[in-house]
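To get the working numbering, take the position in the sequence shown, counting from 1, and add 604. Below: the structure, in structure tokens.
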Amino acid sequence: MVDFQSTEEWLSYANDLVSLAVEKALAVNGFPGRWKTIVSKLEQIPNRLSDLSSHPCFSKNKLCIEQLQAVSKTLTESIEMAEKCSKDEHEGKLRMQSDLDALSGKIDLNLRDCGILIKTGVLGEVALSGCTLSGFEGTSHGSINVTELLARLQIGHLEAKHKALDSLVDAMKEDEKTVLPLLGRSSISALVQLLTATSPRIREKTVTLICTLAESGGCDDLLVSEGVLPPLVRLLESGSSVGREKSAIALERLSVSAEIGRSIVGHGGVQPLAEVCFSGDSVSQASTTCTLKNLSAVPDLRQTLAEDGIVKVMIDVLDSGLLLVSKENAAECLRNLTSSNDDLKRSVVNEGGVHGLLSYLDGGLPPEPAVRTIRNLVGSVSVETLISLGLLPRLIHVLNSGSTGAQKAATETLCRVSDSPETKKLVGESGCIPILIKLLEAKPNEVREVAAQAVASLMTVPRNAREVKRDARSVPSLVQLLDPSPQNTGKKYAVCCLGVLSTSNKCRKLMIAYGAIGYLKKLTETDIIGSKKLLERLQRGKFTSLFGKN
């Protein structure tokens, strides 16, 4: 091909070739249907070139020269093929039909790329953009125009896009914050289309880049609106190990949105996610279990997840997950699934989930998700079974050393299993009462509340009430819980506990000494049951004490 210097020279050359190509094509006698189609496409080129040349940045942008070179190459091929076809020099009818179809496709590509350059504003963006990465190793000039790279993703043949993709991946590694703001809808659309490229290498690099975009959190809606979910799901099903891992990470990030989670399920993503939980590497398994955990947080998706067998999958991960975080995700997923649906609770119990959850508590993992799941299952599995499987010592361990959330969950579970005098006696004998009294001083209001609730429930058994009475911290802590402020949510349970303790003269004196009367006077203005009666008892005791002294 000739080597012109200026954009205008290439434009003139291309226009001359169009006229010759149309003339040659009209002269061909064979394959009339295909040549008629080719001629109709060739005749569209001059208008496209005219539109292209009228752009203000036409002569300033090397993309224009490259596009004119690509058009000229296609036109030259068209002329050569027309001459060969006219002279019957082709290698068989089927081969020529295939060559003509390929030529028609190249003309389509040229027309499309000219249209993209004209309509999307790529020319102006590239010409005017000052966004370059200096010192960038991807070019011989030591710098690269990021906007130009994004434009190249949208035009040209696959190999050219592959090179642009390579440079863009490197550019993201070099300076992600510079690249991300430049990604518009057309760039995202081009990337999504490359996810379905025939080349596995291109698919891998594309999904790696899309994974980075998803992790950035800045273009989730664009990715989804441009159709990223179906190809990500397909890569999860049948991609290479890199493709599966990166698509799993991308889906994990995107599934944080409930609406996107619904779309993942709608595109058939549950089964591929489940498969990777079984057969993927450790990173992929961690990402897919996290995605399923995110999906299970959406109430209207839980039944679908259950129907796709996710309960059994999560229980298996509890038993044999490759990473601790995968097991934690599985426990959290089961917690979500069992939060309100009795059928799902029974399903977890029937699939052996209780044993897996109790084993999880022995594994040094964050206990909160497992304890909360067990709390949800109380009622679907008998309290006697839970106690016989060693639940109480595990809960005691969590109360002693768990996080605030885990302590709250463990205390709530104790409240639920304390459903009869017999189990309350067993819970008291387990040694948890001193720990619960200590939790009455915890900083978070909700922990103090559930601890007071648990103590109030256990004190209905006389033996437990005596143990609370013997603990020197119980009365001061419970009196503090009489604070009438709205933030204090444990008031009613404190009144209940102090009401039981007020039968003791020593405890009444302690209550008075720690200011219970002042608190109760304010509480009598509320609807807290027992506050008025307790106040009367303490005031009567105070009066009797003063009378005795006189």
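Heads up, the beta-carbon is just placed ideally off N, CA and C, and yes, glycines get one too.
| Item | Value |
| --- | --- |
| Collapsed DSSP secondary structure at K1049 in the structure displayed | Here residue 1049 turns out to be Asn, not Lys, going by the sequence shown. DSSP places N1049 in helix when its eight states are reduced to three. |
| Beta-carbon contacts of S1078 that lie in its chain and below 6 Å, excluding the five residues immediately before and after | I1041, V1072 |
| Straight-line gap, C1100 to L836 (C-alpha atoms, nearest Å) | 57 Å |
| Contact belief for L827 with A794 at Cβ below 8 Å, rounded distance in angstroms | With 8 Å as the limit, L827 and A794 do not qualify as a contact, their Cβ atoms being about 12 Å apart. |
| Bridge partners - V982, DSSP secondary structure assignment | V985 |
| Endpoints, the alpha helix (DSSP H) within which S771 is located | 762-783 |
| Whole-Å CB distance - D923 paired with G960, under 8 Å assumed | 5 Å |
| Helix, strand or coil at N665 [DSSP, three-state] | coil |
| Neighbourhood of L926 by C-beta distance below 7 Å, restricted to the same chain and skipping five residues each side | S886, Q889 |
| C-alpha distance - K916 paired with A768, whole-angstrom precision | 44 Å |
| Nearest-angstrom beta carbon gap, S676 and Y617 [assumed within contact, 8 Å] | 6 Å |
| G865 and E808 closer than 7 Å at C-beta | no |
| Buried or exposed by the 16-neighbour rule on C-beta atoms within 10 Å, applied to P1025 | exposed |
| M918 versus S951: straight-line alpha-carbon distance, rounded | 12 Å |
| Exposure of E932, with buried meaning 16 or more beta-carbon neighbours within 10 Å | buried |
| Member of E841, R838, S851 whose CA lies at the smallest distance from the CA of E819 | S851 |
| Distance, T895 Cα to V860 Cα | 8 Å |
| Span separating the alpha-carbon of E830 from that of L877 | 22 Å |
| As assigned by DSSP and simplified to three states, the class of Q1143 | helix |
| At least three beta-carbon pairs within less than 8 Å, the region 680-690 to the region 651-668 | no |
| Check whether L1124 and S1135 have beta carbons under 7 Å apart | yes |
| Cβ-based burial, Q1011 [other Cβ within 10 Å; buried from 16] | buried |
| Pairwise C-alpha distance: S867 and L909 | 13 Å |
| Three-way DSSP call (helix, strand, coil) for N619 in this model | helix |
| N749 in three-state terms, based on DSSP | strand |
| Helix, strand or coil at E830 [DSSP, three-state] | coil |
| Residues of its chain near K765, where Cβ-Cβ distance is below 6 Å and the 5 sequence neighbours each way are ignored | L757 |
| Secondary structure, alpha helix (DSSP H): runs of 4+ residues fully inside the region 1080-1123 | 1095-1105, 1109-1117 |
| Nearest neighbour of R638, chosen from A1055, D705, E988 [CA to CA] | D705 |
| Coil, strand or helix - F882 by DSSP | helix |
| Burial state of L698 (16 or more Cβ within 10 Å) | exposed |
| Alpha-carbon spacing of R805 relative to I814, whole angstroms | 14 Å |
| 4 or more residues per run - each alpha helix (DSSP H) lying fully within the region 618-705 | 636-646, 649-657, 666-690 |
| Check whether D825 and Q875 have beta carbons under 7 Å apart | no |
| Burial state of Q671 (16 or more Cβ within 10 Å) | buried |
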